[in-house]
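Chemist:
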DNA sequence: TGAGTACATTGATGAACGTCGATGCTCAGT
DNA sequence: ACTGAGCATCGACGTTCATCAATGTACTCA
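Chains as they are written, first to last, in UniProt numbering: chain B, 1 to 117; chain R, 1 to 117.
(1) Using DSSP bridges, identify the partner residues of residue 90 of chain R.
(2) Where does residue 60 of chain B fall in DSSP's three states?
(3) Just verifying my parser: in three-state terms, what is the DSSP assignment at residue 3 of chain B?
(4) Does the beta carbon of residue 38 of chain R sit closer than 7 Å to a beta carbon anywhere in chain B?
(5) In its own chain, which residues sit with a C-beta less than 8 Å from the C-beta of residue 63 of chain R, not counting the 5 before and 5 after it?
(6) Got a sec: is the Cβ-Cβ distance from residue 66 of chain R to anything in chain B below 7 Å?
(7) Let me see if you follow: with CB-CB separation under 7 Å, is residue 31 of chain R close to chain B or not?
(8) Using a Cβ-Cβ cut-off of less than 7 Å, give me the residues of the segment 41-60 of chain R that come near chain B, in sequence order.
(9) Consult DSSP for residue 44 of chain B and reduce its assignment to one of helix, strand or coil.
(10) In the DSSP assignment, find the alpha helix (DSSP H) that holds residue 23 of chain R and state where it starts and stops.
(11) Need the endpoints of the alpha helix (DSSP H) that residue 54 of chain R sits in, please.
(12) Can you give the beta carbon distance from residue 20 of chain B to residue 113 of chain B, rounded, assuming they're within the 8 Å contact cut?
(13) Residue 108 of chain B touches chain R at which residues, Cβ-Cβ below 7 Å?
(14) Which whole-angstrom value describes the C-beta separation of residue 109 of chain R and residue 14 of chain R, a residue pair presumed to lie in contact below a C-beta threshold of 8 Å?
Below you can see the structure in the form of structure tokens.
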């Protein structure tokens, strides 16, 4: 049988391993989880994620994010890119606006890895 | 001389705010949560935490952590300090050995902040 | 076509971080 | 007191990161 392994490369996701407290993390798994957590470990990105998450449809456009965050537009754009590449947000462009939407499952997966549940 | 049963300085904890997705994080709360997450966002620290968590009594001494991690002793010591200051571990010295123990509640609190639960 | 808006990318800079070797400190035996 | 073991701290070095101004790109409307 040919093992056609499915590479869903779009969103990394963190479905990598057993919960942190269950059994020692392998180096590779630790590195992947660290990358994901590093994307969260910034005040600006946490606030961006939080604002998007509590917006209508868990979605917001960049123009509505710049002022509340209080950083320059390029910086906000940079943070949104980091969050998107980490799999927490998706980007969809409508007209001249770019809308970012939350991927709730991403946060849940991270959450589950941190507990024994 | 004094028998040192070391009560580690009370840990910050992350009981700061509502779940991330419920309502926009304030700057102060975002900064505190970011500091906590930054402590987790490193492969070596994730592995250390994981090894300690899956050890007997969720406790391990430094000497048992150096080899599995594959880093120098000062570096391991540094990471353990970061995790301790972030409230994930406690330190107790017995003889010449330093034992680090998991604080399970710390991980749970972080976990809960990332979901709407 | 031309101008303006919304957003991304680039390049640069200063700060923070991970890592190590060297050293200091404390405890247990001898 | 001396020696060695276990661990923490210090100082230094290279890398990564957050941030911004300047610029580029894509779209809208007149």
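Ideal placement from N, C-alpha and C gives every residue a C-beta, glycine not left out. In this text, all values refer to a predicted model and were calculated from it rather than measured experimentally.
Modeler: By the coordinates alone:
(1) R/101, per the DSSP bridge assignment.
(2) Strand, per DSSP.
(3) Residue placement at residue 3 of chain B cannot be trusted, given a pLDDT of 37 that sits under 50; what the coordinates show is reported in the next sentence. Coil.
(4) At least one chain B Cβ lies under 7 Å of residue 38 of chain R.
(5) So the list reads 97, once near-sequence residues are dropped.
(6) The Cβ of residue 66 of chain R sits no closer than 7 Å to any Cβ of chain B.
(7) Yes, residue 31 of chain R counts as interfacial toward chain B.
(8) Look at the segment 41-60 of chain R: the residues with a C-beta under 7 Å from a C-beta of chain B are 41, 42, 43, 46, 47, 49, 50, 51, 53, 54.
(9) It is helical.
(10) Unbroken run through residue 23 of chain R: none, as it is neither H nor E.
(11) Residue 54 of chain R: not part of any alpha helix (DSSP H); DSSP gives it neither H nor E.
(12) Going by Cβ atoms, the distance from residue 20 of chain B to residue 113 of chain B rounds to 6 Å, so yes, they are a contact pair.
(13) Taking a Cβ-Cβ cut-off of 7 Å, the neighbours of residue 108 of chain B in chain R comprise 115, given in sequence order.
(14) Between residue 109 of chain R and residue 14 of chain R a beta carbon distance of about 5 Å is seen, short of the 8 Å cut, so the two are scored as contacting.
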